[in-house]
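A.B. asks: Top to bottom, those sequences are chains A and B. Counting from 1, one number per residue, gives the positions in the first sequence under our numbering. Counting from 1001, one number per residue, gives the positions in the second sequence under our numbering. Glycine residues also receive a C-beta, built at the ideal position from the N, C-alpha and C atoms. Before I ask anything, let me first share the structure, which is written out below as structure tokens.
There are 2 protein chains.
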Amino acid sequence: MPRVKKQQRQQILLDQVHEKPFLTDEELARALQVSVQTIRLDRLELGIPELRERIRRMAESAQDKLKSVERKEEVVGELIDLEPGHSGISLMRITEDMVYAKSQIAKGHYMFSQANSLASAVIDVPMAVTGVANVKYKVPVHMGEKLVAKAEIIHVRGNKYFVWVKTRNDREEVFRAKFIMVAWEAC
Amino acid sequence: MPRVKKQQRQQILLDQVHEKPFLTDEELARALQVSVQTIRLDRLELGIPELRERIRRMAESAQDKLKSVERKEEVVGELIDLEPGHSGISLMRITEDMVYAKSQIAKGHYMFSQANSLASAVIDVPMAVTGVANVKYKVPVHMGEKLVAKAEIIHVRGNKYFVWVKTRNDREEVFRAKFIMVAWEAC
DNA sequence: ATAAGTATTAGTACCTGCTACTACAACCAA
DNA sequence: TTGGTTGTAGTAGCAGGTACTAATACTTAT
């Protein structure tokens, strides 16, 4: 890499640090063919923190994000009322990562996931799998909306449970689903 | 916190470091009411690296995990063939975090999500939302299985696209879905 | 009770990756 | 030529350690 003007160098520095945050000043100095002091001055001007600080911040923010992801994986939505074997209510807020970037409309499978995991929660058996789902999306759901899903078992035949789930935002019904859940014997 | 025996102290140390990895030796020493040297000896015995090393490892692993999560969020499954406006094939491997811990059977909404995002990929429009879904789970899917979903547009009426998705593992059909996707005008 | 062994504390030299500062040289532009 | 920008060099000091030596306190076995 040849030596370049200050402005250009600082731009490269920004890029480098953004791409590989684990580089020390010494390594950066070698990469940009300048002295360590120059790198330090550049960092000072650009407000780039030192290596350890960069790593610390990454670790912190990444930890937070991971935690929220883990929470999300478990049960989709928050169970706020449950009468096992009868009915249940779950609440879910549409966050940024659930919508299409362009349209800000929620991806369909989040509503499905909320309804499906609620359905498997209300039927009062140790294990169950989904057999059939009949789903209707009535109106598009946008970022920031709070969805309340209500599930009700309407019929049981043998090991099959017929569950209806209706999901509303604060104004209207946005989604409805009919599931047939199959209770599963431990092998 | 009162002083305790070595064994117990080391157990507490492990817990503390696990819970709050950002504690320095000095802070740990204060918390456990022993000298900094004792903490260092304990860390040595237990193979706990120093603060900076702990943070570095967190940052690294968290970054990797976040990347894989992000990849997962985008499109569920891997698009391996796509004829826009006509058909498409997607592949998904069932991993540990997709199954119920007890039964090792995949949660239904992963198959749904794969099918749904494939369906929205095959219809060749800038934006689309799911209108109706009709889903049948034929056999339970277990951890480690590779699922191949094939989608086909069978009918178009106005801005409504009728898409069938059939999903197989290496032996049989495990899932099938019929979607009505609605093309969405930019507002 | 006393010796042997374990657990703990104290202190020193050294390391990395810096910050903060001073001093000075090189360049380029008016 | 003069002056401002730009780049280098070097020093002192810091955090959070490692690695090591030495000394003290506490237990336990005999």
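(1) With a cut-off of 8 Å, does the C-beta of W184/A fall near any C-beta of chain B?
(2) Mapping DSSP to helix, strand and coil, what is Y1100/B?
(3) From I55/A to E19/A, what distance separates their C-alpha atoms?
(4) For K1006/B, list the residues DSSP reports as bridge partners.
(5) Return the residues of the stretch 1089-1112 of chain B that lie within a Cβ-Cβ distance of less than 7 Å from chain A, sorted by chain order.
(6) Say the cut is 7 Å; is the CB of V1135/B nearer than that to a heavy atom of the ligand PLP?
(7) Starting from W1164/B, follow its DSSP beta bridges and name the residues at the other end.
(8) Give a yes or no on whether the minimum CB-CB distance between M58/A and chain B is below 8 Å.
(9) Over what stretch of residues does the alpha helix (DSSP H) that includes I1039/B continue unbroken?
(10) List, in order along the chain, the chain B residues whose C-beta lies closer than 7 Å to that of R52/A?
(11) Do you know how far the Cα of S90/A is from the Cα of M1181/B?
(12) Would you identify the three-state DSSP class for N134/A, choosing helix, strand or coil?
(13) What residues in its chain sit with their C-beta under 6 Å from that of W164/A, if we drop five residues either side in the sequence?
(14) Are the stretch 1122-1129 of chain B and the stretch 1079-1089 of chain B touching, with three or more C-beta to C-beta distances below 8 Å?
(15) Kindly list the residues whose CB is nearer than 7 Å to the CB of E1026/B, restricted to its own chain and excluding five residues on each side of it in sequence; keep chain order.
(16) At the level of alpha carbons, what is the spacing between E73/A and F1112/B?
(17) Opposite M1058/B in the DSSP bridges: which residues?
(18) What span of residues does the alpha helix (DSSP H) with R1198/B cover, start to end?
(19) Can you have a look at D1042/B and say buried or exposed, based on whether 16 or more other CB atoms are within 10 angstroms of its CB?
(20) If the cut-off is 7 Å on Cβ atoms, which residues from the stretch 127-161 of chain A count as contacting chain B, listed in chain order?
(21) Go ahead and label H1109/B buried or exposed: buried means 16 or more other beta carbons lie within 10 angstroms of its beta carbon, across all protein chains shown.
(22) Please identify the residue among M127/A, H142/A and E60/A whose C-alpha is closest to the C-alpha of D97/A.
(23) When DSSP labels each residue in this structure, what does M143/A get in the three-state scheme?
(24) Under 7 Å between beta-carbons, which chain A residues line up against I1055/B? List them in chain order, please.
(25) Suppose contacts are defined by Cβ-Cβ distances below 8 Å. Is A115/A in contact with W184/A by that definition?
(26) Taking the alpha-carbon positions, what's the S1061/B to P1021/B distance?
(27) Taking 8 Å as the CB-CB cut-off, is N1169/B touching chain A?
(28) What do you reckon, are the CB atoms on F175/A and K138/A nearer than 8 Å?
(29) On a Cα-Cα basis, can you pick out the residue from T1167/B, N1134/B, V1156/B and G1158/B that is closest to A1149/B?
(30) Once you ignore the five residues that flank L23/A on each side, which residues in its own chain have a CB closer than 8 Å to its CB?
(31) So, with DSSP's three-state summary, where would you put R1171/B?
(32) For M1092/B, does the three-state DSSP call read helix, strand or coil?
(33) From L44/A to K5/A, what does the alpha carbon distance come to, in whole angstroms?
(34) With burial defined as no fewer than 16 other Cβ atoms inside 10 Å of the residue's Cβ, what is the status of G1144/B: buried or exposed?
C.D. replies: Taking the structure as given:
(1) yes
(2) coil
(3) 13 Å
(4) Bridge partners of K1006/B: none, in fact.
(5) D1097, Y1100, K1102, S1103, I1105, G1108, H1109 and F1112
(6) Because no ligand of any kind appears in the structure shown, any question about the ligand PLP cannot be addressed here.
(7) E1152/B and K1178/B
(8) yes
(9) V1036 to L1046
(10) R1052
(11) 26 Å
(12) strand
(13) E152, I154 and K178
(14) yes
(15) V1036
(16) Any reading at E73/A needs caution, since the residue's pLDDT is 49, under 50, leaving its predicted position unreliable; the model's value is listed next. Rounded to the nearest angstrom, the two C-alpha atoms are 15 Å apart.
(17) Answer is none; M1058/B lacks a bridge partner.
(18) Any question about residue 1198/B goes unanswered here, given that chain B covers just 1001 to 1187.
(19) buried
(20) M127, V129, T130, G131, V132, A133, N134, V135, K136, Y137 and P140
(21) buried
(22) H142/A
(23) coil
(24) I55, R56 and A59
(25) no
(26) 14 Å
(27) no
(28) yes
(29) T1167/B
(30) Q16, V17, A31 and L51
(31) coil
(32) strand
(33) 17 Å
(34) exposed
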